[in-house]
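Remarks on the structure that follows.
Numbering (the numbering used here), first residue to last: 11 to 180.
Below is the structure:
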């Protein structure tokens with residue numbers, strides 16, 4: 011047994027003495043890794059005052075939204091409606107909102123910038139869905155939710171307007 015252990019030790023020493031040798035000077039490499047917080051998009055929306063049930067003309071302002079980012083930097087933003095209220099359109103970001111008290115009551119709405127009418131002037135299709143675009147907005151941007159492009163009769167009810175905002179990069 012002692013001879014076997016001695017043989018194993020000598021074999022290990024023999025292999026250790028055959029290890030390679032460094033034959034050049036070493037060089038060093040470095041990389042700076044900066045870990046940042048994820049950017050949070052802030053999106054708030056407020057209803058306008060003085061809108062009543064009955065006949066709404068096209069492009070009647072219903073709410074104003076403001077978007078910005080937690081990093082305080084200039085960004086482009088894409089704003090749309092959640093999938094459960096989003097309405098297919100070839101020209102603008104549209105939605106059909108059901109009444110909170112009676113889901114048979116409907117309100118058709120579109121998104122636009124504060125400066126542009128009609129809403130189609132500011133929309134773009136991304137992944138099969140229309141978004142209202144706010145380009146080069148500095149540290150934030152404003153948008154409007156307006157009644158749809160056709161006159162509509164809206165029943166008295168409460169309608170919850172919801173939007174989604176994203177930072178957009180081409």
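Ideal placement from N, C-alpha and C gives every residue a C-beta, glycine not left out.
Query, Result
"Other residues of its chain near residue 99: CB distance less than 7 Å, five sequence neighbours each side excluded", "140"
"Those runs of the beta strand (DSSP E) which lie wholly inside the stretch 44 to 118 and span at least 3 residues", "51 to 57, 64 to 66, 71 to 79, 86 to 90, 104 to 108"
"Own chain, CB closer than 8 Å to residue 57, minus 5 neighbours either side, in chain order", "72, 73, 171"
"Residue of 107, 104, 169, 85 minimising C-alpha distance to residue 146", "85"
"Beta-bridge partners of residue 135, as assigned by DSSP", "140"
"Stretch-stretch touch, CB-based, cutoff 8 Å, three pairs: the stretch 33 to 44 with the stretch 86 to 94", "no"
"Rounded separation between residue 151 and residue 64 - CA only", "31 Å"
"Whether residue 164 touches residue 122 by CB criterion (7 Å)", "no"
"Whole-number beta carbon distance between residue 102 and residue 133, since they are thought to touch under 8 Å", "5 Å"
"Backbone CA spacing between residue 16 and residue 32 [nearest angstrom]", "The pLDDT assigned to residue 16 is 49, lower than 50, so where the model puts this residue is not dependable; a value taken from the coordinates is nonetheless given after this. When rounded, the distance between both Cα atoms is 30 Å."
"Residue 176, enclosing beta strand (DSSP E) - first and last residue", "174 to 178"
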